[in-house]
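Residue numbering for the sequence shown is 1 to 301, as defined by full-length UniProt numbering.
All remarks here apply to the structure that follows.
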Amino acid sequence: MKYTIEEIQQMPEGQTFDCKSIHIEPKHLATIIVAMANADGGVIAVGISDKTRRIEGIDQDKAHLNEILRTPLDFCVPSVSVATEYLPCKDSEGRDNRVLLIHVPASPRLHANQADEVFWRIGDKSRKLTFDERLQLMYDKGERYYEDSTAYDATLDDIDMDAVKAYMKRIGYGKSAMEYLQENKGFVTYKDGIPQVSAACILLFGKHPQTFFPRARVRFIKFFGIEEKVGREMNVIKDVTFEGRILEQIQKTVEYLETQVMEHSYLGEDGVFKTDREYPKFVIQEMVVNSVCHRDYSIKG
């Protein structure tokens, strides 16, 4: 859709539209791009003050404009494929100028900023998602490639319907478990009347996922010291493997890692005991989620 500068000036900020000054920092612009890409997409007008709607333009600061144009590539993970458009205009000083329109598509993938933070566009705000919300969005986005394919030899009997129902209850899905599997993300499809169960379905809801994907597990190894040694000097002091469905693996791994994090308690200057953790809890959660959700399940060896 083509816009005029007059339409852009009058358009209210909301779910799919925002306007920002040319002076916006790339990391702040990345937040909006990520939020829109994760939600319904939208348009960002750069060169118009979001507070006063004063037309600043973009041509007076070519160096910063180049940083703005690189933001979807350099500050979003993975990169967001935006389209750009330039609107000729008169700025508030009466000079010939332009406003940059960044068209952000709704992406089938989950995007984060450089700090590995995920945002979602709600109204005119870009809200940071919690750990559980991010995990939910990963499932909703269907971030699967190999996982979209049919799990060889899998049948409907290999699906734990109780696990499906528990997940449906969590997301508020009101239909039957079979309807959910057939109507969402291609978990179950039919070919010549024969049900085809996707790899993702087995990984998320299978009774025994490791039967089909032996490497679909998390292994925690802790070494004594700061380097790994082998042979007679082997220094492994913990070696624990977590299996089951993906969500179970995440929960079990996070719970176990919590028992391995060192905590230092001490009496503060205010007379109150305080505790410092070796690693923040959210760091452990995101580390485990990222490793489980982004590994290559096509590797069978």
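The C-beta atom is built at its ideal place from N, Cα and C for all residues, glycine as well.
Same chain only: Cβ atoms within 6 Å of residue i, ignoring 5 sequence neighbours per side
i, result
"residue 9", "53"
"residue 34", "76, 111, 113, 119"
"residue 30", "71, 75, 76, 113"
Buried or exposed by the 16-neighbour rule on C-beta atoms within 10 Å, applied to residue i
i, result
"residue 139", "buried"
"residue 80", "buried"
"residue 88", "exposed"
"residue 144", "Because the pLDDT at residue 144 is just 47, under 50, the model does not fix this residue reliably, and the point stays unresolved."
"residue 297", "buried"
"residue 102", "buried"
Check whether residue i and residue j have beta carbons under 8 Å apart
i, j, result
"residue 27", "residue 114", "yes"
"residue 21", "residue 67", "no"
"residue 126", "residue 32", "yes"
"residue 206", "residue 159", "yes"
"residue 263", "residue 275", "yes"
"residue 62", "residue 109", "no"
"residue 180", "residue 168", "yes"
"residue 209", "residue 244", "yes"
"residue 213", "residue 204", "no"
For residue i, the nearest candidate out of the options (CA to CA)
i, options, result
"residue 240", "252, 247, 55", "252"
"residue 148", "95, 250, 196", "196"
"residue 69", "218, 92, 166, 45", "45"
"residue 117", "298, 296, 290", "290"
"residue 200", "99, 247, 285", "247"
Cutoff 7 Å; reference residue i; Cβ partners in own chain excluding five residues on either side
i, result
"residue 182", "188"
"residue 277", "261, 263"
"residue 135", "289"
8 Å CB neighbourhood of residue i in its chain, flanking five on each side removed
i, result
"residue 223", "229, 235, 236, 237"
"residue 14", "123, 124"
"residue 39", "15, 106, 120, 121, 122"
Residue i CB to nearest heavy atom of the ligand PLP below 7 Å
i, result
"residue 162", "Absent from the structure shown: the ligand PLP. Ligands present: none."
Cβ of residue i within 8 Å of any chain B Cβ
i, result
"residue 194", "Protein chains in the displayed structure number just one, and chain B is not present."
Sheet register partners of residue i (DSSP bridge)
i, result
"residue 18", "44"
"residue 281", "Beta-bridge pairing links residue 281 to no other residue."
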